[in-house]
Every structure is written in C-alpha cells, then in structure tokens.
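K.L.:
Structure in structure tokens, see below.
2 protein chains.
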Amino acid sequence: MAVTISEVRAAYIRIHKWIHKTPVITSQTLDAMAGRELYFKTENLQKTGAFKARGACNAVFMEKEQNPQSAGVVTHSSGNHGQAVAYAAKCASLKCSVVVPKGTPKVKCDAITGYGANLVFCEPSPQSRKDTCAKIASETGQAIIHPFDNYNVMAGQGTIASEFHDQVPDLDAILVPISGGGMTSGIAVATRGLRPQCKVYAVEPLGKDLQRSLEQKCRMWPNPPQFIDTIADAIRTQQCGDLTFPILCDYIESKVFTVTDDQMIEGMRLSMERLKMVVEAASGAAVYAAVRGMSEMDPSIRKVGVILCGGNVDLDMLPWVNRSTSYQ
Amino acid sequence: MAVTISEVRAAYIRIHKWIHKTPVITSQTLDAMAGRELYFKTENLQKTGAFKARGACNAVFMEKEQNPQSAGVVTHSSGNHGQAVAYAAKCASLKCSVVVPKGTPKVKCDAITGYGANLVFCEPSPQSRKDTCAKIASETGQAIIHPFDNYNVMAGQGTIASEFHDQVPDLDAILVPISGGGMTSGIAVATRGLRPQCKVYAVEPLGKDLQRSLEQKCRMWPNPPQFIDTIADAIRTQQCGDLTFPILCDYIESKVFTVTDDQMIEGMRLSMERLKMVVEAASGAAVYAAVRGMSEMDPSIRKVGVILCGGNVDLDMLPWVNRSTSYQ
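So the sequences go chain by chain: A and B. Residues 1 to 328 in the numbering used here are what the first sequence lists, from first letter to last. Residues 1 to 328 in the numbering used here are what the second sequence lists, from first letter to last.
What follows is the structure, given as structure tokens:
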C-alpha cells in the first residue's frame, strides 16, 4: 500500500502551517432530525474554500523537497483543485500552470491567477484538458499534480481525518462526499490507522453507481469515462481513480449513500439555515445523507462525522432561488 | 459600576456548559482588502444562532439561583432575544413566556415554542409589548428579562470578549454592531478588565447617531424612543439603554462607524463568499466596517476583532436576490 497512516502523519507535519485546523460544529436540531449525534468538519472554511488545499499542499511541497530545482507544477481544473494547486505553489514559491476550459467564469479564473498561477485555456473536453496539461509538462518540465490519483494528494486529504479523530475521539462513522476518491481514500487510510472501529461511508450523486463496483471489488463503470449530470460540479467524475479504487475496496463500507440533486439542495439549505455554513452542493449531499438518510445505517452507530468538503458556491445562483422548490 | 470583569468571569463559569465556545476565523483576502489583520468571532454559530444566548443564560440562571421557587421568566421579543430566553429557560427548567407582536412569522414563533416557551401575542406597538409583558409579570410573578438594560444580561454578553481575548491575545481593537448596547457594554467591560489597551468601537446603522451622544456624554436622541428604518432588524432600536449608555460613555471610543443598508448587504455577502458564514445584516454591518471602513481608523491599530453577532436570516429573502445591486 502506497499510502499508510505514516504518510498521513508526515503530510500533517509538512502542511499544517499552511492550512487551517478547521473547527468541528454541531447542531442539536440536526441531531434530533437524524436521531444520532452529528459532527460537521468544516472544510468549507479551509484555505481556498475547500479541503483540496491539503492534498495540493502535500503534493506540491513534496515536489519541491524531492526536486530542489523543480520547474514547478501543472494541473487541469477550473474548480477547487486548480485553486488549491495555485495556492500551494505560491506557498512553496514554485511556478504553476493551471489548464482550464475556454468559457470558465472569470471569477474562477481570477481566483487562480490571484495566487500567481499561469492560466492556460484549452477546449472544453476531457481529452483536450489532458493533452494540454501533458504538453505543458513536457515542454516546461513541470510536474503534473493529479486531483485524486496521486498518493501524495491522498495523504494530504487524509489529514482531515487525523484532525477529526483528534477533535472527536469516539466517532463511529464518517460520511464523505465522493468523486475521484482522493479524499475518501485518504480519510479511510487515516481512519484505519487511528480508529479502525470507525466506519467510512461514501456519499455519491445519483448516477455514479459506486456500490456495485465496491461490492464486486471490480470496476463496473462503462467506458469511456464520463461525467455525471448533477448540479454538484465538484463531484461530477463518475469513475474513481485507478489508484484510489483499490484503497476504497479495502477500507470503506460497500454500502454507499446515493443522493439526488434535489436532496443535495435540501442539504445545502439545512447547512445554511442550521449550521450557518455556506457549502457547495457536494457538501449538501453529505448533510442530506446524515440528516435524512440514517434509516439506512445500523442503529448502533451513534456518533457520525460529516465532511463539509467545500464552500465555493455562486451566491447569485443559490438553487432554491432559481428552482421551484419547497424546502421550508 | 454594576458590571465588572468579576461579573463577566462569574457569568462564564455559570453558562459555559450551555453555550458554544465559538471559533475565531480569518481570511487572507479580507485582510488584504482591509489592510489589517481581521479576526472574526463567529457568534452566528452560537446556540440559537446569535450571541443573545449568553446574556439570556446568565440572567435566567441567576434568576433561578436567587429564587429557587421562581415562577419563571418573561420577555418581549420576536427575534434573537426571545429565542435565547426560551432556550435559557429550557436549560434551567424554568417556565417562560415570550410576548411577540401579532403577525410575527410562523418560523420565528416555532423557534420560540420549540424550546417549550409560552407564546403571547400583543399589538404591534412598543407600548403594547411592554404593557403585555408587565401584565404577565404581575399576574404570574415571572421575572422580566430585558434584552439589554439588565446587568446580568450585559455580563453574559461580556463572555464573548473573555473568550475572544483568550483566543487572540493581542487584539488592538474590536468592532461591535450596536443596538440597545448590551453586547457592546459587556464586551467593553470585559476588555477593560482583560486587555485595557484594546479599543472597542461600535458599528451602527445610519440614523442611530450614537457618536453625538457619546461625544457629549449625554442622551441626545429625540423622544419618544423610535425604531430606525433599516433592514437589520436586530439593531433597529435607536436609543441605547439607561443602564448601558453610561458604561458606553466610559469605556468605548466616541468614534462610531456608521453603515447604510446597502453597505450591510455588501458585508453580508462578503461574509458568505469569503468567510463561508451565513450572517444577518447586523453582522454584515461589522464586516463592512472592518473591510471597507478602515481608512477611518488609526493606522497603528493592526489586529482588529469583528463580532459576527448572529446568523438568523431568511434564505428566501437574501437581499441581493431581491434588490437590484451590483455586489460582485
């Protein structure tokens, strides 16, 4: 196994001065609705507004440690990972290129260039992103920082769990919104090392169908890889990574919580009303599963951790304002 | 002086198990905009969604200590203080009546009755509220808990500052949204006792005109008392209290930061975008003053504390959705 609790511990030592130790918050109202004790880890308050800063810092700082003459780093992402790598590179005084598709909103571009990164536009297709990223890497010698299929990134995300188990030492389970699986595998590895009796559950958008692959311990997804049609743009990747999937098979529960867009929106709204936390739809998925989905979980599980993974949301486009919903 | 640091310390011992020690959060982006270091005390995450839980707990618990046969407590407020007194009475197992004007939204009524309090409707005038409250007090023997003109309430609010100075030990100044002055006087008393070199500034809605009264150390407001026309319903009271005003004259800066409704809205939005914190307009006033108003403050003041006093806001009525604004 290329990521163990040792790598997570080393990651924490490496990055802790550059990230926030995010608070854990609670709500008696949500506890009553869930019929359990819920503990929310507020990674929406993390540097750059999402947990991605942890993995990016660990991977980028390791690149600098291992290659003192490094030409820098490159990645492709218009979202939280792009900002996070730009932030990490700035912290490490490394050059950074971020490939984004044409048409990316200016506010996202500004967030990336605000950290001093070089923005490179590509065509809005997965292939063009990859090709452009590879071209920059080969021309400049910059190291590619993959958003999830990278053990150093996973180890960095695992520090969410090492902090969380320190803050709440007796969790029975943790609910993690999943996309490529970098955060979930990091949390699963750290949890196995620090509190093996604590179960890790993934929360997915409808259409990911992760449970079937976990149950069979085999990649059952259709190819070529595709995006899921969901409002949660941070978790649109259908397939988990080649490196993350085996870790998930070993360490997380095969039961997966599946959440629709309307349910995520309800989760976002519960978070804003009850926790006073601005979160993006992926976090809303975990909140919904924790508050409304507990009938699917063993009643012996009393203390449930919930990852509020990010808070980067367009306040002009809050979904209940723009949809006809009845979440009162 | 009827409130000193001793009463604040005693209040903290009395209430700390029933309130949250709220986190302090920071944002490099807001620091850069302000040109100072800003530390945000997240009382929007407090029990009942606002700092009012502190003062209410202290006053209600003291009522129970001093009158073991107490008939309970009564107050008039449809807002944060009403919820807070209901919560405190539930914690103390005391009876509670809350007087609210006819037409109060159901969601606010539900929040009060959810804590087991008895809801009493009155006419929507200040006089009717007072009269109804006094009538209940005389008929039932319940003790009136005034929202700000009560030394026990002030001492409870002062615990915001004792926590804050413990969390950030070298603040140069604190910005406090002001209405009746209970929170501001409590914070001022605690700050004078714990860190006398730290200055306390009030942030007011336009129309309060507090600075004139502070400069003259005399109540310059027109009578009868009136409400200010502002979207910040938590800070509509124009006049500070008879008990709070002398403390304010002694302990806070006579310079007052004045904020318009549009500026509060910008502050709310900055809080949600940059701090990921849902706050109400009164908190938005303090955020605006901290981020945009620092040209009015001595440049030697580097570390500024900002009180996010509450987060109870109607998510269907976020002001930038319902107004033609250009806060991007």
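A virtual CB, placed ideally from N, CA and C, is assigned to each residue, including glycine.
Can you tell me where the beta strand (DSSP E) with A/L94 in it begins and where it stops?
P.N.:
For the purposes of this step, residue 94 of chain A is taken as the residue at position 94 of the first sequence. It is not in any beta strand (DSSP E) - A/L94 carries neither H nor E in the DSSP assignment.
K.L.:
Would B/R54 and B/G156 be called neighbours here (beta carbons separated by less than 8 Å)?
P.N.:
For this step, residue 54 of chain B is matched to residue 54 along the second sequence. For this step, residue 156 of chain B is matched to residue 156 along the second sequence. Going by C-beta atoms, B/R54 is nearer than 8 Å to B/G156.
K.L.:
Between the alpha carbons of B/V203 and B/M264, how many angstroms are there, rounded?
P.N.:
The residue given as residue 203 of chain B occupies position 203 in the second sequence. The residue given as residue 264 of chain B occupies position 264 in the second sequence. For B/V203 and B/M264, the distance between alpha carbons rounds to 11 Å.
K.L.:
Could you tell me whether the Cβ of B/T325 comes closer than 8 Å to any Cβ of chain A?
P.N.:
For the purposes of this step, residue 325 of chain B is identified with residue 325 of the second sequence, where counting begins at 1. Bear in mind that a pLDDT of 40 at B/T325, under 50, signals an unreliable position, so the number given afterwards is only what the model happens to contain. So, not an interface residue.
K.L.:
Comparing alpha-carbon positions, which option in A/M62, A/G267, A/L119, A/V60 lies nearest A/V287?
P.N.:
For the purposes of this step, residue 287 of chain A is taken as residue 287 along the first sequence, with counting starting at 1. When only C-alpha atoms are compared, the closest one is A/G267.
K.L.:
Using 10 angstroms around the beta-carbon of A/L308, count the other beta-carbons present and answer buried if the total reaches 16, otherwise exposed.
P.N.:
Indexing the first sequence from 1 puts residue 308 of chain A at position 308. So A/L308 ends up on the buried side.
K.L.:
Out of B/T237, B/C91, B/L270, B/V98, which has the shortest C-alpha to C-alpha gap to B/P222?
P.N.:
For the purposes of this step, residue 222 of chain B is identified with residue 222 of the second sequence, where counting begins at 1. Answer by Cα proximity: B/T237.
K.L.:
With 8 Å set as the bound, which would you pick, yes or no: does the beta-carbon of B/I231 sit closer than that to a beta-carbon of chain A?
P.N.:
For the purposes of this step, residue 231 of chain B is identified with residue 231 of the second sequence, where counting begins at 1. False, the Cβ-Cβ gap to chain A never drops below 8 Å.
K.L.:
Any beta carbon from chain B within less than 8 Å of A/R269's own beta carbon?
P.N.:
By one-based count along the first sequence, residue 269 of chain A stands at place 269. By this cut-off, A/R269 is an interface position.
K.L.:
For B/Y39 and B/D166, what's the separation of their Cα atoms in angstroms?
P.N.:
Counting from 1 along the second sequence, the entry for residue 39 of chain B is found at position 39. Counting from 1 along the second sequence, the entry for residue 166 of chain B is found at position 166. Distance between the alpha carbons of B/Y39 and B/D166: 13 Å.
K.L.:
Of the choices A/R192, A/L206, A/Q239, A/D229, whose alpha-carbon is the least far from that of A/S213?
P.N.:
On the first sequence, position 213 is the one that residue 213 of chain A refers to. Checking every option, the nearest Cα to that of A/S213 belongs to A/Q239.
K.L.:
With 8 Å as the threshold, decide whether the Cβ of A/L315 is near any Cβ in chain B.
P.N.:
Position 315 of the first sequence, counted from the start, is the residue given in the question as residue 315 of chain A. Cβ-Cβ to chain B under 8 Å: yes for A/L315.
K.L.:
Going by the beta-carbon positions, is the gap between A/A232 and A/A290 smaller than 8 Å?
P.N.:
Translated into positions along the first sequence, residue 232 of chain A becomes position 232. Translated into positions along the first sequence, residue 290 of chain A becomes position 290. No, they are not a contact pair.
K.L.:
Among the residues of its own chain, which have a CB less than 6 Å from the CB of B/K108, if the five just before and after it don't count?
P.N.:
The residue labelled residue 108 of chain B in the question sits at position 108 within the second sequence. So the list reads S78, once near-sequence residues are dropped.
K.L.:
Spatial neighbours of B/Q103 within its chain, please: C-beta separation below 8 Å, excluding the five flanking residues on both sides.
P.N.:
Residue numbering aside, residue 103 of chain B sits at position 103 when the second sequence is read from its first letter. A small fix is needed here, since residue 103 of chain B is Gly in this sequence, not Gln. P124.
K.L.:
Taking only three categories from DSSP, how would you classify B/A50?
P.N.:
Mapped onto the second sequence, residue 50 of chain B falls at position 50. DSSP places B/A50 in strand when its eight states are reduced to three.
K.L.:
Can you list the residues of chain A that B/N44 reaches, using a CB-CB cut of under 9 Å?
P.N.:
By 1-based counting over the second sequence, the position of residue 44 of chain B is 44. Within 9 Å Cβ-Cβ: K276.
K.L.:
Determine the chain A residues that contact B/M272 at a beta-carbon separation under 8 Å, and present them in chain order.
P.N.:
The sequence position of residue 272 of chain B within the second sequence is 272, counting from 1. V278, L315, listed in chain order.
K.L.:
If you drop the 5 nearest sequence neighbours on each side, which residues of the same chain put their C-beta closer than 7 Å to that of A/A71?
P.N.:
For the purposes of this step, residue 71 of chain A is identified with residue 71 of the first sequence, where counting begins at 1. Here the set comprises K95, T140, G141, Q142.
K.L.:
Count the other CB atoms within 10 Å of the CB of A/M154; is the residue buried (16 or more) or exposed (fewer)?
P.N.:
Along the first sequence, one-based indexing puts residue 154 of chain A at 154. Looking at its Cβ environment, which holds 16 or more other Cβ atoms inside 10 Å, A/M154 is buried.
K.L.:
I'd like the span of the beta strand (DSSP E) that includes B/F227, first residue to last.
P.N.:
As a position in the second sequence, residue 227 of chain B is number 227, starting the count at 1. Element bounds for B/F227: n/a, residue is neither H nor E.
K.L.:
Taking just the CA atoms, how far does B/V256 sit from B/E296?
P.N.:
As a position in the second sequence, residue 296 of chain B is number 296, starting the count at 1. As a position in the second sequence, residue 256 of chain B is number 256, starting the count at 1. Approximately 10 Å, taken between the alpha carbons.
K.L.:
With distances taken Cα to Cα, identify the nearest neighbour of B/P68 among B/A50, B/L119, B/S93, B/K52.
P.N.:
As a position in the second sequence, residue 68 of chain B is number 68, starting the count at 1. Closest by alpha carbon: B/S93.
K.L.:
Between which two residues does the beta strand (DSSP E) harbouring A/G284 extend?
P.N.:
Looking up residue 284 of chain A in the first sequence gives position 284. Unbroken run through A/G284 is the alpha helix (DSSP H), 281–292; no beta strand (DSSP E).
K.L.:
Do B/T42 and B/T22 have their beta-carbon atoms positioned less than 8 Å apart in this structure?
P.N.:
As a first step, residue 22 of chain B must be located in the second sequence, where it is residue number 22. As a first step, residue 42 of chain B must be located in the second sequence, where it is residue number 42. Yes, they are a contact pair.
K.L.:
Would you say the beta carbon of A/A11 is closer than 7 Å to some non-hydrogen atom of the ligand ATP?
P.N.:
With respect to the ligand ATP, the structure shown offers nothing to examine, as it has no ligands at all.
K.L.:
Tell me the rounded alpha-carbon separation between A/F227 and A/A234.
P.N.:
Position 227 of the first sequence holds residue 227 of chain A. Position 234 of the first sequence holds residue 234 of chain A. One C-alpha to the other measures close to 11 Å.
K.L.:
Quick check on A/G49 - is its C-beta less than 8 Å from some C-beta in chain B?
P.N.:
Along the first sequence, read from residue 1 onward, the residue named residue 49 of chain A stands at position 49. At least one chain B Cβ lies under 8 Å of A/G49.
K.L.:
Do the CB positions of B/G49 and B/N80 come within less than 8 Å of each other?
P.N.:
As a first step, residue 49 of chain B must be located in the second sequence, where it is residue number 49. As a first step, residue 80 of chain B must be located in the second sequence, where it is residue number 80. Cβ atoms of B/G49 and B/N80: closer than 8 Å.
K.L.:
Are the beta-carbon atoms of A/F148 and A/G181 separated by less than 8 Å?
P.N.:
As a working note, residue 148 of chain A is residue 148 in the first sequence. As a working note, residue 181 of chain A is residue 181 in the first sequence. Yes, the Cβ-Cβ distance between A/F148 and A/G181 is below 8 Å.
K.L.:
Taking only beta-carbon atoms, is A/G311 less than 8 Å away from chain B?
P.N.:
Numbered from 1 along the first sequence, position 311 holds the residue referred to as residue 311 of chain A. Yes, its Cβ sits closer than 8 Å to a Cβ of chain B.
K.L.:
Can you confirm whether A/V321, when its beta carbon is compared against all beta carbons of chain B, has any partner nearer than 8 Å?
P.N.:
As a first step, residue 321 of chain A is located in the first sequence; it is residue number 321 there, counting from the start. It does: the Cβ of A/V321 has a partner Cβ on chain B nearer than 8 Å.
K.L.:
Can you pull out the residues from the segment 13–34 of chain B whose beta carbon lies closer than 7 Å to at least one beta carbon of chain A?
P.N.:
Those residues of the segment 13–34 of chain B that come within reach of chain A (Cβ to Cβ, closer than 7 Å) are P23, I25.
K.L.:
Tell me, to the nearest whole angstrom, how far the beta carbon of B/Y12 is from that of B/T159; I am working on the premise that it is less than 8 Å.
P.N.:
Sequence index remark: in the second sequence, residue 12 of chain B carries index 12 (1-based). Sequence index remark: in the second sequence, residue 159 of chain B carries index 159 (1-based). Indeed, because the Cβ distance is near 5 Å, the residues count as touching under 8 Å.
K.L.:
Going straight from the alpha carbon of B/A88 to that of A/E37, what length do you get?
P.N.:
If you number the second sequence from 1, residue 88 of chain B lands on position 88. If you number the first sequence from 1, residue 37 of chain A lands on position 37. C-alpha separation (whole angstroms): 22 Å.
K.L.:
For A/A202, name the three-state secondary structure that DSSP assigns.
P.N.:
For the purposes of this step, residue 202 of chain A is taken as the residue at position 202 of the first sequence. Looking at A/A202 - three-state DSSP - the assignment turns out to be strand.
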